[in-house]
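In this note's numbering, the protein residues as written are 3 to 57.
Backbone N, C-alpha and C define an ideal beta-carbon position, used for all residues, glycine too.
Remarks on the structure that follows.
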């Protein structure tokens, strides 16, 4: 599949800062934050992965 990231490339792009007091996950490289940290840590990473892949 052309344009698809390899697992290594995806893992290289994932560098998230977890801020529990603000219930926020932030990736400063793409200047994006997601909220509901418990939901994300429970394995619901689609919103994060989709955003990273789309860039």
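In DSSP terms, what residue 28 is bridged to: If you number the chain shown from 1, residue 28 lands on position 26. Beta-bridge pairing links residue 28 to 19 and 35.
For residue 38 and residue 44, the rounded distance between their alpha carbons: Position 42 of the chain shown holds residue 44. Position 36 of the chain shown holds residue 38. Answer to the nearest angstrom: the Cα atoms are 10 Å apart.
Given residue 32 as reference, the closest of 52, 8 and 41 once Cα atoms are compared: Against the chain shown, residue 32 aligns to sequence position 30. When each option's Cα is compared against that of residue 32, the closest is 52.
Within 8 Å, strictly: CB atoms of residue 54 and residue 42: As a working note, residue 54 is residue 52 in the chain shown. As a working note, residue 42 is residue 40 in the chain shown. Their beta carbons are not under 8 Å apart, which means residue 54 does not touch residue 42 by this criterion.
C-alpha distance - residue 22 paired with residue 8, whole-angstrom precision: Stepping through the chain shown from its first residue, residue 22 is reached at position 20. Stepping through the chain shown from its first residue, residue 8 is reached at position 6. Each residue's alpha carbon lies about 30 Å from the other.
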